[in-house]
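J.:
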Amino acid sequence: MVTSARAWAGLLALLLPAMAAAEGARLELSCTRLSRCDGAGTCAAAEGAVAFTLAPLGVDAQGAGGYAIGHDGAAQGEGQGVSFAGPFLWTLPGGARHTLVLSSETTALYLRQAAGGAAPEIDFLNCGILP
324 MVTSARAWAG LLALLLPAMA AAEGARLELS CTRLSRCDGA GTCAAAEGAV AFTLAPLGVD
384 AQGAGGYAIG HDGAAQGEGQ GVSFAGPFLW TLPGGARHTL VLSSETTALY LRQAAGGAAP
444 EIDFLNCGIL P
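Take the working numbering: the final residue in the sequence shown is number 454, and no numbers are missing along the way.
Here it is as structure tokens:
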């Protein structure tokens, strides 16, 4: 049991500086659309670049909390992140809901649901997530 506690203490000592540094770190993602799927499940190849900026506003040690969200250079307002790796959720003034999920070191999903229950859209993205 002591060995396990020491191992956890060692791991925590290694992670705390990284988490503290990440507290104020902005995540800037430059992505390329690979495909887009509609609410009926119909998917097609997609093109074009999309960019996101996720700036912590007040997050805990795991990165959960508030984020300022930017999309293609425009401020989207404030949203919530479940951790430093997301998912990140925000709602636009008109009620449209957006979610960004970082699904691997190089891929992400960008989900959009218009207000009023319209069918959602999902973009599959290729992003430079890790430095």
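Built from N, CA and C at the ideal position, the CB exists for glycine as well. All values reported here derive from a predicted model rather than from experimental measurement.
Straight-line CA distance for Leu-377 to Ala-431?
T.: For the purposes of this step, residue 377 is identified with residue 54 of the sequence shown, where counting begins at 1. For the purposes of this step, residue 431 is identified with residue 108 of the sequence shown, where counting begins at 1. Distance between the alpha carbons of Leu-377 and Ala-431 is about 14 Å.
J.: Using the Cα positions of Val-424 and Cys-366, report the straight-line distance between them to the nearest angstrom.
T.: Looking up residue 424 in the sequence shown gives position 101. Looking up residue 366 in the sequence shown gives position 43. The alpha-carbon atoms of Val-424 and Cys-366 are separated by roughly 18 Å.
J.: Should Gly-386 and Gly-362 be called a contact, given that it needs their Cβ atoms to be closer than 7 Å?
T.: As a first step, residue 386 is located in the sequence shown; it is residue number 63 there, counting from the start. As a first step, residue 362 is located in the sequence shown; it is residue number 39 there, counting from the start. Against a cut-off of 7 Å, the Cβ pair of Gly-362 and Gly-386 comes out as no contact.
J.: Consult DSSP for Gly-400 and reduce its assignment to one of helix, strand or coil.
T.: For this step, residue 400 is matched to residue 77 along the sequence shown. Looking at Gly-400 - three-state DSSP - the assignment turns out to be strand.
J.: Assign Ala-348 to one of three DSSP states: helix, strand, or coil.
T.: Here residue 348 corresponds to residue number 25 of the sequence shown, with the count starting at 1. Correct three-state label for Ala-348: coil.
J.: With DSSP collapsed to three states, give me the class of Ala-438.
T.: Working through the sequence shown from its first residue, we reach residue 438 at position 115. Note: Ala-438 maps to helix in three-state DSSP.
J.: Spell out the partners DSSP gives Ala-368 in its beta bridges.
T.: The residue you call residue 368 lines up with position 45 of the sequence shown. Ala-368 is bridged to Ser-358.
J.: Does the Cβ of Ala-344 have 16 or more other Cβ atoms within 10 Å, making it buried, or fewer, making it exposed?
T.: The residue labelled residue 344 in the question sits at position 21 within the sequence shown. Bear in mind that a pLDDT of 42 at Ala-344, under 50, signals an unreliable position, so the model cannot answer this.
J.: Tell me, to the nearest whole angstrom, how far the beta carbon of Cys-354 is from that of Ala-372; I am working on the premise that it is less than 8 Å.
T.: By one-based count along the sequence shown, residue 354 stands at place 31. By one-based count along the sequence shown, residue 372 stands at place 49. Right, their Cβ atoms sit about 7 Å apart.
J.: Just reading off the beta strand (DSSP E) that Trp-423 is part of, what are its end residues?
T.: Position 100 of the sequence shown, counted from the start, is the residue given in the question as residue 423. The sequence shown places Leu at residue 423, rather than the Trp named in the question. Leu-423 -> beta strand (DSSP E) spans 420 to 425.
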